[in-house]
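**Student:**
Chains as they are written, first to last, in the numbering used here: chain A, 1 to 342; chain B, 1 to 342.
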């Protein structure tokens with residue numbers, strides 16, 4: 001069975017879920033163009049998720065993907081938080097604000113309550129990042145007929161996901177923007193480029209493999225298929241589409257030469273994610289052990305980010321971006337989706 | 001003009017020069033199979049280089065590549081050396097040896113003296129790593145007709161090399177084994193995977209681009225060509241060939257599951273290079289600022305390496321390897337070269 005048959009789509013193109021940078025509008029445009037649009041739910045309340053799912057149902061009858069994070073919510077650690085806030089104190093003083101001046105972003109894992117809301121929609125595809133939910137929850141999702149995808153950043157993770165029963169695996173090369181899906185290790189030296197990771201996962205598992213990381217155009221799609229992928233997941237290239245909700249400073253960074261220099265950073269959420277190098281990453285180093293555990297690191301940054309963005313500065317913003325921003329253009333998502341298959 | 005025409009070879013396959021792991025024998029086998037064999041000279045005395053060049057001339061009439069490093073030899077720094085030796089002291093004690101118990105490996109940059117010896121051979125191709133030699137030296141090499149290749153690890157480096165007059169650029173993705181060719185920056189976050197780096201360099205320059213990093217088999221070659229490469233450079237896959245001089249503990253690591261976990265490390269030479277994770281890398285962290293400047297870091301390790309290897313241990317050995325060791329097999333280099341084009 002081809003990936004297109006498995007997912008019920010025309011093209012083997014998945015629009016990568018990008019929490020914070022898109023909602024239903026981008027997903028709908030990609031679905032209606034023949035790809036698999038994705039709704040990222042990690043930063044949505046359950047009510048907001050439901051509203052977005054209704055919007056998708058209203059505007060497309062094509063299959064779509066609903067994406068969730070699967071992290072374990074950490075216990076708050078007052079000492080670590082204090083160290084982190086002390087590190088940020090000079091910035092508060094510089095901007096003349098207090099840490100509580102903006103609400104902290106929340107990132108919730110998939111839960112029974114989310115499954116309750118999702119069930120009536122029975123989306124064709126549900127994808128997970130940072131591993132998989134508990135077995136009973138996964139069973140519910142599969143039970144109502146959704147195909148399940150999940151991200152692997154190593155061969156070991158791919159084998160783990162296959163044993164757990166996923167229908168296809170997203171091989172997330174280190175070029176990819178946003179959060180690394182890494183879940184069996186915390187050692188970033190395990191993270192390989194798409195050219196190395198993809199063929200090794202293809203060889204290791206029987207389920208279809210979807211390539212992610214550095215794929216920005218039709219040549220990238222062809223290369224991924226040549227390496228044995230059954231399809232691709234493309235994120236960064238969609239960030240400038242009018243249907244994306246990418247913020248103003250983020251769009252400006254993507255349009256600039258700065259987009260050529262990204263790094264994996266844990267500063268904005270507590271987990272490693274790839275974004276355009278900015279002031280905070282330069283100042284503290286992109287990986288800093290002082291950052292609180294995911295997703296708590298972002299809390300103390302919220303007020304700084306809000307104030308700096310109001311001044312047109314991206315000093316404290318997560319500018320998620322892969323290592324290949326060469327495909328970023330301000331064209332409709334449908335046109336981009338079709339171009340990827342040319 | 002195709003890369004094959006530029007280099008005078010049948011296949012657009014360059015066997016990556018791998019100093020310390022191969023000499024003329026591997027280069028000859030690849031040349032006679034239709035690829036471009038390479039002789040790495042960084043760790044050879046001028047006499048040894050000349051002997052190897054005679055050997056190549058005697059056994060093939062095909063074009064071949066002679067490779068040099070282009071670093072600036074650092075001033076010894078007694079304080080830094082002392083810190084480094086102190087860090088290694090527990091290992092000397094454990095193995096019951098003294099730092100001077102083995103000669104330090106030397107890595108010399110391309111020089112006028114090397115050019116004097118090279119001139120009579122007028123190799124079809126000369127490739128450089130860590131930038132390029134001084135303009136007068138480069139002019140000499142081009143003057144006698146050698147085509148010049150050099151490694152770029154960023155778009156900025158590719159543009160720099162093109163302006164300096166190279167005939168083709170090797171885009172070295174972060175997956176690649178051995179030393180990073182990085183020369184305009186010391187910031188490792190600038191290093192991108194092949195899927196991202198290759199198409200960006202292809203778009204930026206007019207000269208042919210050779211893809212390196214993670215290419216292990218015919219699928220990898222096809223993918224690189226799909227991304228716009230004019231050819232590929234393959235290293236790791238040749239390391240188990242009988243014609244390679246890969247050491248015993250290095251071969252054992254490449255044959256094992258451990259080869260799946262590599263990291264960039266500066267411990268063995270002072271410059272970042274990718275190798276299989278081993279004890280020293282685990283103990284000190286793969287990147288440690290205490291390591292002396294390239295190529296001096298290896299000096300204090302030589303005795304540890306020699307003693308440990310005599311015990312069958314690779315604790316202190318540089319186990320250069322890319323992120324995709326999936327192509328490593330004990331087959332003749334000629335067979336591997338032909339398989340890459342299948």
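C-beta: ideal position from N, C-alpha, C; glycine also.
Counting only C-beta atoms, is residue 273 of chain B closer than 8 Å to chain A at any point?
**Tutor:** No, because no Cβ of chain A sits closer than 8 Å to the Cβ of residue 273 of chain B.
**Student:** Measuring straight from C-alpha to C-alpha, what distance separates residue 196 of chain A and residue 323 of chain B?
**Tutor:** Those two C-alpha atoms are separated by around 6 Å.
**Student:** Cβ closer than 7 Å: which chain B residues qualify as neighbours of residue 323 of chain A?
**Tutor:** The answer, in chain order, is 192, 193 and 196.
**Student:** Taking the alpha-carbon of residue 41 of chain B as reference, which of B:120, B:53 and B:294 has the nearest alpha-carbon?
**Tutor:** Nearest C-alpha to residue 41 of chain B: B:53.
**Student:** Less than 6 Å between C-beta atoms, sequence neighbours within five positions excluded: which residues of the same chain meet that for residue 151 of chain B?
**Tutor:** Correct list, in chain order: 129, 170, 172 and 181.
**Student:** Tell me, please, whether the CB atom of residue 214 of chain A is closer than 8 Å to any CB atom in chain B?
**Tutor:** Closer than 8 Å to some Cβ of chain B, the Cβ of residue 214 of chain A qualifies, so yes.
**Student:** Please name the residues in the region 304–336 of chain B whose beta-carbon is closer than 8 Å to at least one beta-carbon of chain A, in chain order.
**Tutor:** Those residues of the region 304–336 of chain B that come within reach of chain A (Cβ to Cβ, closer than 8 Å) are 322, 323, 324 and 326.
**Student:** Taking the DSSP output, what are the residues bridged to residue 265 of chain A?
**Tutor:** According to DSSP, which records beta bridges pairwise, residue 265 of chain A is partnered with A:273.
**Student:** DSSP has residue 320 of chain A in a bridge; who is on the other side?
**Tutor:** Answer is A:275.
**Student:** In this structure, does DSSP put residue 242 of chain A in helix, strand or coil?
**Tutor:** In this structure, residue 242 of chain A counts as coil in the three-state DSSP scheme.
**Student:** Excluding sequence positions up to five away, which residues of its chain have a Cβ less than 7 Å from the Cβ of residue 205 of chain A?
**Tutor:** The answer, listed in chain order, is 158, 159, 162 and 169.
**Student:** Is it a yes or a no for the region 247–261 of chain B touching the region 30–47 of chain B, going by three-plus beta-carbon pairs under 8 Å?
**Tutor:** No: fewer than three Cβ pairs fall under 8 Å.
**Student:** Could you please give the first and the last residue of the uninterrupted alpha helix (DSSP H) stretch that includes residue 308 of chain A?
**Tutor:** Unbroken alpha helix (DSSP H) run through residue 308 of chain A: 302–310.
**Student:** Hey, would you say residue 229 of chain A sits closer than 8 Å to residue 210 of chain A, going by beta carbons?
**Tutor:** Yes, they are a contact pair.
**Student:** Residues of chain A with CB under 9 Å from residue 186 of chain B, in chain order?
**Tutor:** Simply none; closest approach about 14 Å.
**Student:** Please name the residues in the region 255–287 of chain A whose beta-carbon is closer than 8 Å to at least one beta-carbon of chain B, in chain order.
**Tutor:** Within the region 255–287 of chain A, the residues whose Cβ lies closer than 8 Å to some Cβ of chain B are 260, 261, 262, 263, 264, 277 and 286, listed in chain order.
**Student:** Taking the beta carbon of residue 108 of chain A as the centre, do at least 16 other beta carbons fall within 10 Å, making it buried, or is it exposed?
**Tutor:** Label assigned to residue 108 of chain A: buried.
**Student:** Less than 8 Å between the CB atoms is what I'm expecting for residue 35 of chain A and residue 56 of chain A, so what's the real figure, rounded?
**Tutor:** With a Cβ gap of about 14 Å, residue 35 of chain A and residue 56 of chain A do not count as contacting.
**Student:** Please identify, using Cβ separations under 7 Å, the residues of the region 158–174 of chain B that lie next to chain A, in order along the chain.
**Tutor:** Those residues of the region 158–174 of chain B that come within reach of chain A (Cβ to Cβ, closer than 7 Å) are 173 and 174.
**Student:** Select from A:73, A:246, A:12 and A:200 the residue whose C-alpha is nearest the C-alpha of residue 22 of chain A.
**Tutor:** Ranking the options by Cα distance to residue 22 of chain A, first place goes to A:246.
**Student:** The alpha helix (DSSP H) that contains residue 59 of chain A, what's its start and end?
**Tutor:** Segment 46–59, the alpha helix (DSSP H) holding residue 59 of chain A.
**Student:** For residue 233 of chain B, which of helix, strand or coil comes out of DSSP?
**Tutor:** Of the three classes helix, strand and coil, the one that applies to residue 233 of chain B here is strand, per DSSP.
**Student:** Can you give the Cα-Cα distance for residue 123 of chain A and residue 202 of chain B, rounded to whole angstroms?
**Tutor:** So the two alpha carbons sit approximately 40 Å from each other.
**Student:** So which of B:282, B:302, B:303 and B:271 has the shortest CA-CA distance to residue 291 of chain B?
**Tutor:** When each option's Cα is compared against that of residue 291 of chain B, the closest is B:271.
**Student:** Using CA atoms only, rank isn't needed, just tell me which of A:69, A:200, A:7 and A:126 is closest to residue 19 of chain A.
**Tutor:** The shortest Cα separation from residue 19 of chain A among A:69, A:200, A:7 and A:126 belongs to A:69.
**Student:** Identify the contact partners of residue 209 of chain B in chain A, using a Cβ-Cβ distance below 7 Å as the criterion.
**Tutor:** None at all; the shortest Cβ gap to chain A is about 13 Å.
**Student:** Using the three-state DSSP reduction, which class does residue 191 of chain A fall into: helix, strand or coil?
**Tutor:** If DSSP states are grouped into helix, strand and coil, residue 191 of chain A belongs with coil.
**Student:** When you check each C-beta in the region 227–241 of chain A against every C-beta of chain B, which residues fall closer than 9 Å?
**Tutor:** So the list reads 227 and 228, given in the order they occur along the chain.
**Student:** Compare the Cα-Cα distances from residue 241 of chain A to each of A:307, A:45, A:336 and A:77 and report the closest residue.
**Tutor:** The shortest Cα separation from residue 241 of chain A among A:307, A:45, A:336 and A:77 belongs to A:336.
**Student:** Taking the alpha carbon of residue 227 of chain A as the reference point, which residue from A:248, A:207, A:200 and A:233 has its own alpha carbon closest?
**Tutor:** The candidate whose alpha carbon is nearest that of residue 227 of chain A is A:200.
**Student:** In chain A, what lies closer than 8 Å to residue 219 of chain B by C-beta?
**Tutor:** The answer, in chain order, is 199, 226, 227 and 228.
**Student:** Consider the Cβ of residue 223 of chain B: report whether some Cβ of chain A lies at a distance smaller than 8 Å.
**Tutor:** Judged by the 8 Å Cβ criterion, residue 223 of chain B is in contact with chain A.
**Student:** If you run the structure through DSSP and keep just helix, strand and coil, what is residue 205 of chain B?
**Tutor:** Coil, per DSSP.
**Student:** So residue 179 of chain B packs on residue 273 of chain B, CB below 8 Å; how close in whole Å?
**Tutor:** The Cβ separation is near 4 Å, so the contact holds.
**Student:** In the DSSP assignment, the beta strand (DSSP E) including residue 171 of chain A goes from what residue to what residue?
**Tutor:** Its beta strand (DSSP E) spans residues 168–172.
**Student:** What residue range is occupied by the uninterrupted beta strand (DSSP E) comprising residue 40 of chain A?
**Tutor:** Residues 38–40.
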